[in-house]
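For the sequence shown, the working numbering begins at -4 and goes up steadily by one. Note that beta-carbon positions come from the ideal geometry of N, C-alpha and C, so glycine has one too. Take a look at the structure below.
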Amino acid sequence: PEISRSFPAKTGRNRVANPHGGLVYIEVPRSQDNITSSPVKVQITGGVVEAPFYVLGKTDGEDWRRLRSAPAPWAELQCERITLTLPSEVIRSLEDPEPLMEFWNKVLNYYVELGTRPLDRRPQRIVADRQISNGWLHAGYPIMANIDVSPKMANLKGLSDPAKDVEGAWGFWHEMGHNHQRPEWTFNGAVEVTCNLFSLFVEEKIRGIAPKNHPWFKDQANKISTYLSRPDFEIWKKDPAIGLLFFVEIQGAFGWQAFQQVFASYAATPDNELPTNDEGKRDQWLIRMSRATGKNLAPHFDRWGVPVSAAARQEVAHLPPWRL
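Here it is in structure tokens:
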């Protein structure tokens, strides 16, 4: 059910109400994001209570010790790159949100580092709620999370400690990866794959786990061996672990720099020259990654059963062939 309400704002007094309650937001239309005019002053009175609200770099320790006890049932923690909306009960005992939000800022910067696109969009949002539209978490604006996930959002040790279970953190990295993956380099069968390139990059940065050693691939060896004995792209497209290991082998041999170079090349390509169909997208992965590595990766694509065209093969034929 739709339980939020929106009201157009006008100069002077505005009367608004929602029988379901909830946080109050002043929305800026997307077309107005870059307007640099004088600030608009808004005063909210009558029928509202204060909510716990922390802004990195603005809320000091004394203010936070007061604000974390504010009576509203929902709280927000905010930094430059992301805002977390979660039940107030989760943050009542949070002594200092600064290290946590500095960590989240750092994580989002890693997405920029790998994707090579400046993060000139609005900050990401993760909102925990009792009933979301799909699954445990899902991508979008905001990223939605089941309310059971909310303690993980504010648990810095659980998010960053390599000795801790990484399953909860992986879900956040995965959904933010969806928000950063691009259609021009995501072909059919790779939607749940290319997003996890970002997940692996973040995990290596914050936990020191090399992609090929990540627990996500635990117990995959027999399946991969069986697959490689008879590669079948229809199977590849249905199993994200197989698809991701296809890319992990390239990363293990050539490093993340090759992926950064490929993503930067897409960003520098005019929209009307970007691939729009699956064959073109697979071909461009072969061509651009071969250029980035200085190797002909067609044998690697063949080993994993990923089809590419004769024209793409010809374009990289002058490079020395590579496969594991």
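Secondary structure of T264 (DSSP, three-state): coil. Contact check for A205 against K218 fails: the beta carbons are separated by 9 angstroms or more.
DSSP links R120 through a beta bridge to T78. Note that the C-beta distance between Y105 and I245 is not below 9 angstroms. Judged by DSSP in its simplified three-state form, F228 adopts helix. Bridge pairing for Y20: absent [DSSP].
By the Cβ test, the segment 178 to 188 is in contact with the segment 273 to 293, since at least three Cβ pairs between them sit closer than 8 angstroms.
Taking all protein chains in view, the Cβ of T189 is crowded by 16 or more other Cβ atoms within 10 Å, so the residue is classified as buried. Every unbroken stretch of the alpha helix (DSSP H) spanning 4 or more residues and falling wholly within the segment 235 to 319 is given here in chain order: 235 to 249, 251 to 262, 273 to 288, 293 to 299 and 305 to 310. Secondary structure note for L72: its beta strand (DSSP E) is the uninterrupted segment W69 to Q73. In the structure shown, the three-state DSSP call for H169 is helix. Within the same chain, L109 and T111 come within 7 angstroms of Q255 by CB-CB distance, once the 5 residues on both sides are set aside. Under the three-state reduction of DSSP output, I138 falls in the strand class.
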